[in-house]
Amino acid sequence: MNVFNKKIGKVKKNKGKANMIRVGYLNRCALRSARVAFRNIPVRSITYNRTPFVSNACAWPIKKQANQFRYYSVLSQSPEAKVYDYKSIKEIASNPSAHPDKLIIDVREPVEFEDGHIPNAINIPFKSSPGALDLSDEDFKENFGFDKPSTDKELIFYCLAGVRSTAAEELANTFGYKKRGNYVGSFEDWASNENKKSN
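Each residue of the sequence shown is one higher than the one before, counting from -18 in the numbering used here.
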């Protein structure tokens, strides 16, 4: 008897007819599977509060679905980040000595920064160096060539379209920078406004 016969059932050999699997054997397998599937198995109900074991999970309504989430934002634990527009950034970039407590940070990659950036901005790339603001002062200076920004200064982040700057600003909060700003329009908005002035 081959492996097929052992696992599925006996093959009935009929002269001149195709081999057929005994139907009775398959029916018994199906009935056994059905009996196992409908047994009362203790199942813990999917809820947040503890409930006793139940005999049939289908009989009890779910009190609170497990896929409901409580959303958490890092910004909710600290002061909101200030949102900047072109006019405010232009004032800070044009006259940095009048705003010694503010620092504009470009979080794009160095190649993007070299192609064009807001005047007087420093480059701390978010994608390739996300934990840069968590480095020690010595390691930061060694990696970037300038002093690490003080936590007393307000860091104003920008990127190309505002996505990386938002992430960098939220991450800076976790590193102890409570004074934060975000130029949401970022470099696209800056370039657009600068081009309007030159035309």
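Ideal placement from N, C-alpha and C gives every residue a C-beta, glycine not left out.
Nearest residue (CA-CA) to residue i, options the options
i	options	result
D133	E123, L141, A153, T147	A153
K108	E135, V64, T155, V144	V144
E93	S110, N174, N176, F168	F168
P81	Y139, S131, A148	S131
K83	R89, N101, D96, Y67	N101
A148	P111, F125, E61	P111
R89	N104, S75, N76	N104
A142	P60, N76, Y67, A62	Y67
P77	K178, V64, I99, S146	I99
A62	S173, N180, S146, E175	S146
Any non-hydrogen atom of the ligand NAD within 6 Å of residue i CB
i	result
D87	With respect to the ligand NAD, the structure shown offers nothing to examine, as it has no ligands at all.
Whole-Å CB distance - residue i paired with residue j, under 8 Å assumed
i	j	result
G166	E135	Not really, about 18 Å apart at Cβ, beyond 8 Å.
L116	N124	7 Å
Residues of its chain near residue i, where Cβ-Cβ distance is below 8 Å and the 5 sequence neighbours each way are ignored
i	result
K122	D128, K129
D118	D128, K129
Any chain B beta carbon closer than 7 Å to residue i
i	result
D115	The structure shown contains no chain B; it holds only a single protein chain.
DSSP-derived helix/strand/coil call for residue i
i	result
F121	helix
R89	coil
Straight-line gap, residue i to residue j (C-alpha atoms, nearest Å)
i	j	result
I73	C140	17 Å
F138	I70	10 Å
Close beta carbons around residue i, own chain, < 6 Å, minus the five adjacent residues each side
i	result
K160	E135
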